[in-house]
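Note that the numbering used here has the sequence shown beginning at 1232, numbered continuously upward.
A virtual CB, placed ideally from N, CA and C, is assigned to each residue, including glycine.
Keep in mind that this is a model prediction, so the values were computed, not measured.
Below is one structure, written out as structure tokens, with a few remarks after it.
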Amino acid sequence: MGSSVVTPEDVLESLMNDGTIDALRLKIINQLKANEELKNNTITMVEQSKVLNTPGAEKQTKRELFDALRRELEGPVLEKASKSVWELILDNDGLGKEISETVERVFCRLSGREPPLFPPNSETQTEKEKEKENSDLSSKKRSFAEMQGGSNEVVEASNNPVSKLSVAVLPSDAKT
């Protein structure tokens, strides 16, 4: 009897069915409501609104003003709110960490594995490996002067499609 593969859709369905998605959504909304910077930014946008600062605005009905304000500010306000939501979701210490742990816990439950899938030290290890790779790559890079002196390499590597393209595109006097 083979084990079935747990898909992201399976995890999402489980999170939706057990109410976790709704609980996380509520936490996000509450954190957005508590975000003073977002509130102050929105207030400033309204205060500086062209709609409210246009002569004759005081003669418009509340509904007309509200509709005009919505048309003017809905995009910018939602964009800032969206950025704030993503910051919450990607936060490795707060809600983002909670989301990651919850998804991992559900995946483990569905797949029959034991948490944690990734030991806490693995993130630090991954960063160290990336730094080592980057330093290895930078030591392999050639300077511009080395590339100028080694112009025969393009011709010698003519089996490489990129090299063929380079040779074909270069003017004839540059192919020496």
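Between Phe1349 and Val1242, the CB-CB gap reaches or exceeds 8 Å. In this structure, Lys1311 sits away from Leu1283, with a CB-CB distance that is not shorter than 8 Å. Spatial neighbours of Asn1272 in its own chain (CB-CB distance under 7 Å, excluding positions within 5 residues in sequence) are listed in chain order as Lys1311. Taking 8 Å as the cut-off, the Cβ atoms of Glu1305 and Lys1281 do not count as close. At the C-beta level, Leu1321 and Ile1259 stay beyond 8 Å of one another. The way I'd put it, the stretch 1323-1335 does touch the stretch 1236-1256; three or more beta-carbon pairs between them come closer than 8 Å.
Under the three-state reduction of DSSP, Val1316 is assigned to helix.
Straight-line spacing of the CA atoms in Glu1244 and Val1237 works out to 11 Å.
In this structure, the alpha-carbon of Leu1263 lies about 31 Å from that of Pro1346.
Contact check for Val1277 and Leu1300: beta-carbon distance about 7 Å, within the 8 Å limit, so the pair qualifies. Judged by DSSP in its simplified three-state form, Gly1306 adopts helix.
For Gln1262, the enclosing alpha helix (DSSP H) stretches over residues Thr1251 to Lys1264.
In the three-state reduction of the DSSP assignment, Lys1281 falls in the coil class, being assigned neither a helical nor a strand state.
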